[in-house]
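Everything below concerns the one structure shown next.
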Amino acid sequence: MSSIQPSGTALLVIDPYNDFTSRLGKGWPLIREVANEVGLIDNIKLALGEARRRHIPVVYAPHSRYRRRTLAATRWPNPSQYLARLTRFFADGRRGGRFRADLAPQPGEFVASEHPVSSGFTDTNLDAHLRSIGATHLIMCGLLTNTCIESTARAAVDLGYQVTVLDDAVAAWSHQDHAAALCGSLRHVAHEIISTKSFVTALR
Amino acid sequence: MTGSTFNRLANRMISGLAVAALRKQLTFDRGDTALLVVGAQRDLLDDAAAVSALARLISIARAGGLKVIYAVAAPPTSANGIHMPTPSQRALLAERLLSEGSAGAEFHPALAPGSGDVVLEPSAGLSAFSKRDLDLRLSMLGVERIVVAGARTDIEIDSTARDGVERGFQTTVVSDGCAGTTPQNHRATISTTLPRIVHGILTVDEVAARLTPTG
């Protein structure tokens, strides 16, 4: 049984942008397959609601939005960055680059600076903020399971955090991607993988 | 759980497009490329095929004038800074793998560093970048591209390759020069996970073919 102490714990929400999570989002036609099967949206909402009720800090780690002038900034874009540029994913100032309304931060919640690749910690103020609030245990949800979630989880482990991933509050482009992380590598490198319901129960 | 035909085909096409576009940029020059050999120790790497492929890769890299850097794995003990071990780290501790001074912590005899190679301070993190040593060496050497091989594909190689990409290095993982915790985990990381993350996944022969000729 999972044990979660509210003190020292933070809920880390990664990239709940409209392009990933809403019906008109650019990525939704592919993501909906895993998202609908696991109940992604409802489970992120459940985790958010419970964290807020228990006064567990909710922290957002957003991916960098598409902007014209960042085009030349990365010398070697990786496959995800290459495709994001091509499709103008998470376009700044557009619907796709805004958080889905019912998964968006509430006033007072911390939104870290944008991460350029996959890990929420690279070139951002996320680590400094988490340390400043005394968070040592991160509960992670959001997108995508095998890229930003796994990269952020791996980086968090090497920074000394305890990492729990909510397995039904994350999703990926395909079942294969999702399973490679959740049934494979993440199982070895995250401290714990639990359902959103177990997270909620563990807090009560 | 295999997904709809639409999802499978669309993913294959989209991912294939990015992989093919980036593959064109993979060339390795002694001036800007380093081979990063991760966890080439007996306790982590005992797959005969991977060992011989990696040994071949190392000699090809040396002959091509690439800098060869060894990232050494240390046991994930609290003395080494790991206070909350993950399941992968707990497994190493339970079997007392990589214990300091043990035979298992030594380099595999076929993969020992040569006199011109760099050997990093042992690191207990998932990623070889979890100690600053590697960053400093790479920037001192003017490296912009890294070629990553060794052990273990799904644990240390994955984290190290991700960190390489995060830091702006063009990052290539050598599929036959790596071994995973199990052959299935190796395959899942090489064929499913890393193609979304790294710039290239090549075999030893493909790396050799993309080296700038010396001379």
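Protein sequences, first through last, are from chains A and B. Those letters in the first sequence? Residues 1 to 204, per the numbering used here, in order. Those letters in the second sequence? Residues 1 to 215, per the numbering used here, in order. Ideal Cβ placement from N, Cα and C applies to all residues, glycine included.
Query                                                                                                                      : Result
Under the three-state DSSP convention, the category I41/A falls into                                                       : helix
Neighbouring residues, chain B, relative to A169/A (Cβ below 7 Å)                                                          : Correct list: empty, because the minimum Cβ distance to chain B is about 18 Å.
Touching by the beta-carbon criterion (3+ pairs, under 8 Å), the stretch 24-35 of chain B and the stretch 65-75 of chain B : yes
Limits of the beta strand (DSSP E) - the one that S175/B falls within                                                      : 170-179
8 Å Cβ shell around I4/A - same chain, five flanking residues per side excluded                                            : H137, I139, T164, F199, A202, L203
L30/A versus P213/B - alpha carbon distance                                                                                : 43 Å
For Y70/B, the first and last residue of its enclosing beta strand (DSSP E)                                                : 67-71
Three-way DSSP call (helix, strand, coil) for D123/A in this model                                                         : coil
Which listed residue (P85/B, G81/B, D176/B, A128/B) has its alpha carbon closest to that of V204/B                         : D176/B
Distance, P76/B Cα to P85/B Cα                                                                                             : 7 Å
Check whether A112/A and L126/A have beta carbons under 7 Å apart                                                          : yes
Those runs of the beta strand (DSSP E) which lie wholly inside the stretch 29-115 of chain A and span at least 3 residues  : 58-61
Reference A179/B, options N7/B, A10/B, G3/B, A49/B, closest by Cα                                                          : A49/B
Straight-line Cα distance separating P116/A from E166/B                                                                    : 8 Å
Under 7 Å from the C-beta of M13/B: neighbouring residues of chain A                                                       : Within 7 Å Cβ-Cβ: nothing; M13/B doesn't reach chain A, min ~11 Å.
Three-state secondary structure assigned by DSSP to H191/A                                                                 : coil
Within-7 Å CB hit, H63/A to chain B                                                                                        : no
Simplified DSSP assignment, three categories, for E145/B                                                                   : Note that residue 145/B is Arg in the sequence shown, not Glu. Residue state, collapsed to three classes: strand.
Status (buried if at least 16 other CB within 10 Å, exposed otherwise) for H191/A                                          : buried
Where E121/B falls, given that 16 or more other Cβ within 10 Å makes a residue buried                                      : exposed
Other residues of its chain near E109/A: CB distance less than 8 Å, five sequence neighbours each side excluded            : P57, V58, V59, Y60
D158/A at chain B interface by Cβ criterion, 7 Å                                                                           : yes
Collapsed DSSP secondary structure at M1/A in the structure displayed                                                      : Any reading at M1/A must be qualified, since the residue scores a pLDDT of 48, below 50, and its modelled position is unreliable; the value itself is stated next. Coil.
Segment contact flag, the stretch 81-98 of chain B with the stretch 168-184 of chain A, C-beta cutoff 8 Å, min 3 pairs     : no
The stretch 54-61 of chain B touching the stretch 192-211 of chain B, judged by at least three CB pairs closer than 8 Å    : yes
Under 7 Å between C-beta atoms of T192/B and Q162/A                                                                        : no
Counted within 10 angstroms of its Cβ, other Cβ atoms place H188/A as buried (16 or more) or exposed                       : buried
For T147/A, the nearest candidate out of L130/A, H129/A, S119/A, V157/A (CA to CA)                                         : S119/A
Partner residues on chain B for R207/A, Cβ-Cβ distance less than 9 Å                                                       : Examination of residue 207/A is not possible in this model, given that chain A is present from 1 through 204 alone.
Rounded distance between the beta-carbons of R42/B and G104/B, thought under 8 Å                                           : 5 Å
Boundaries of the beta strand (DSSP E) in which V163/A is found, first to last residue                                     : 162-171
Pairwise C-alpha distance: P183/B and G93/A                                                                                : 45 Å
Closer than 7 Å to chain B by CB, A251/A                                                                                   : The question about residue 251/A has no answer here: the residues shown for chain A are numbered 1 through 204.
Residue of D46/B, Q25/B, T153/B, M13/B minimising C-alpha distance to F107/B                                               : D46/B
For T160/B, three-class secondary structure by DSSP                                                                        : helix
Assumed close pair A40/B, G116/B - CB separation to whole angstroms, cut-off 8 Å                                           : Incorrect: roughly 16 Å between the Cβ atoms, too far for contact.
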